[in-house]
Ligand code: NIG
Ligand code: FE
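Numbering (the numbering used here), first residue to last: 1311 to 1734.
The structure is reproduced here in structure tokens:
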């Protein structure tokens, strides 16, 4: 398949670049008036239209991969593919699809009642303390059959895909007992098997203390769930924050998961929790939230393989501070942005809105925000060898926009429909 007449092809990265850090996060390869070729679901080449139209196959001619000396690709002639395999982009932009490395989209029912409590002035912690919050979702999930939970959740997955998300991480964490946590992990697996988007699964048993357990007994119960959870999940997560799980709990849970599940940690949303440091200690792939961080967290992340991930949708919805993304970049770190799509703190999976918040509220440039919702968020779920950039060999998981779009406009006209087609 060839996509021709691409107005802007953006998000081009050389092979082997798995994340972008510091000043690099503000860079991307861009081609104007371009084509892109796909075979067996992977990108096999791209270049400028001037080299494509009316030419026959030119063997051995290098495709344009900025920063790469790899010369490999044959430029296909349009005549060598059948007409139904040629898509005319008509000047639309082609970019890698969004990667959303932090969601809780498997949940039952709705928490609209708490939305009203919030409008009337209650904080997230106050709502949780009244039996709302995560425990409310846990009760609803307990009463919902596995099939119904799947049906309700798939609607959200489809919504995300229609908005350009091609890869997503989904967490458990509304089960809070062995049966219901496994029910959630089975539902995530069934989503994985039934949608074209890439799905990664995280065991978040330690999201809140399950009903009927003491704190101590529940931490042990989570540890006991790890062997079974590791048959389903890719990652383990702990809500390491004030009023939820301590650094010591987190350390115990991550030690028990060592060699089975790679950590991705909820840290520093409600307080400076120590979650970043314990995550880095255990080689976490990402530490997420980070609304409240000091320079010590930035220092702890330096030189690590852990991706700091910020969730501006929950800062927006809960009225929390926004993460200090610019300071992380200045320190030479990379930053990923994700939606945190969940019923309590971020009821939206719109990654363009996330990108816009990154620009408007965190002062990221559109390019920095774009790399944060593509390559760096792919890294934060361990899939950046296959997703997150326009690179020969990667999955052709792409967004084709309507004409006259560019990366700056994506964040600027953040509610204007822009997608013509999403490729998985
Ligand atoms: O990432 N912070 C913890 N967990 C979710 C909220 C989940 C909920 O309120 O249902 C979050 O914000
Ligand atoms: Fe979350």
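Glycine included, C-beta positions come from ideal geometry on N, C-alpha and C.
Note that the structure is predicted; figures quoted are calculated from it, not measured.
Taking the DSSP output, what are the residues bridged to residue i?
i	result
residue 1410	1478
residue 1711	1729
residue 1652	1656
residue 1331	Per DSSP, none; premise fails for residue 1331.
residue 1261	As shown, the chain starts at 1311 and ends at 1734. That puts residue 1261 outside it, with no answer to give.
residue 1358	1344
residue 1589	Beta-bridge pairing links residue 1589 to no other residue.
residue 1493	Its beta-bridge partners do not exist; DSSP assigns none.
residue 1597	1575, 1618
residue 1339	1322
residue 1555	1550
Any idea what DSSP makes of residue i, helix, strand or coil?
i	result
residue 1450	helix
residue 1671	coil
residue 1518	strand
residue 1755	Coverage of the chain is limited to positions 1311 through 1734, which leaves residue 1755 absent and any answer about it impossible.
residue 1618	strand
residue 1397	strand
residue 1266	As displayed, the chain neither begins before 1311 nor continues past 1734, which places residue 1266 out of reach and without an answer.
residue 1423	helix
residue 1562	helix
residue 1321	strand
residue 1525	helix
residue 1512	strand
residue 1546	strand
residue 1643	coil
residue 1312	strand
residue 1721	helix
residue 1349	strand
residue 1734	coil
residue 1705	strand
residue 1700	strand
residue 1504	helix
residue 1687	helix
residue 1484	coil
Just how far apart, CA to CA, sit residue i and residue j?
i	j	result
residue 1378	residue 1322	Residue placement at residue 1378 is poorly supported in this model, since its pLDDT is 43, which falls under 50; the coordinates still yield a value, given next. For residue 1378 and residue 1322, the distance between alpha carbons rounds to 11 angstroms.
residue 1320	residue 1493	40 angstroms
residue 1497	residue 1456	7 angstroms
residue 1639	residue 1534	39 angstroms
residue 1623	residue 1361	42 angstroms
residue 1689	residue 1636	19 angstroms
residue 1740	residue 1596	Examination of residue 1740 is not possible in this model, given that the chain is present from 1311 through 1734 alone.
residue 1317	residue 1580	43 angstroms
residue 1647	residue 1669	11 angstroms
residue 1722	residue 1572	36 angstroms
residue 1412	residue 1509	11 angstroms
residue 1767	residue 1576	Within the shown structure, residues of the chain are numbered from 1311 to 1734, placing residue 1767 beyond reach of any answer.
residue 1332	residue 1615	14 angstroms
residue 1281	residue 1440	Lying before the first or after the last residue shown, residue 1281 is absent from the chain, which here runs from 1311 to 1734.
residue 1731	residue 1475	12 angstroms
residue 1544	residue 1714	39 angstroms
residue 1650	residue 1562	25 angstroms
residue 1594	residue 1529	19 angstroms
residue 1325	residue 1390	26 angstroms
residue 1531	residue 1399	53 angstroms
residue 1613	residue 1564	21 angstroms
residue 1672	residue 1387	44 angstroms
Between the options, which lies nearest to residue i when the distance is taken from Cα to Cα?
i	options	result
residue 1606	1585, 1496, 1539, 1623	1585
residue 1541	1504, 1570, 1422	1570
residue 1711	1668, 1662, 1690	1662
residue 1608	1641, 1543, 1632	1641
residue 1436	1344, 1481, 1475, 1553	1553
residue 1340	1501, 1538, 1327, 1403	1403
residue 1684	1330, 1357, 1462	1330
residue 1342	1414, 1724, 1314, 1523	1314
residue 1406	1717, 1724, 1433	1717
residue 1502	1491, 1524, 1468	1468
residue 1659	1693, 1621, 1696	1621
residue 1568	1357, 1438, 1539	1539
residue 1523	1617, 1487, 1536, 1495	1487
residue 1560	1537, 1582, 1592	1592
Can residue i be considered in contact with the ligand GDP, in the sense that its beta carbon sits closer than 6 angstroms to one or more heavy atoms?
i	result
residue 1605	In the structure shown, the ligand GDP is absent; the only ligands present are the ligand NIG and the ligand FE.
#### Entry: Three CB pairs or more closer than 8 angstroms across the stretch 1437–1451 and the stretch 1418–1428
yes
### Message
Under 8 angstroms, with one C-beta from each stretch per pair, do the stretch 1508–1521 and the stretch 1533–1550 reach the 3-pair mark?
### Response
yes
### Message
For the pair the stretch 1652–1659 and the stretch 1671–1686, tell me if three or more CB-CB distances fall below 8 angstroms.
### Response
no
### Message
Pairs of beta-carbons, one from the stretch 1697–1704 and one from the stretch 1344–1354, closer than 8 angstroms: are there three or more?
### Response
By the Cβ rule, the stretch 1697–1704 counts as touching the stretch 1344–1354, because three or more pairs are nearer than 8 angstroms.
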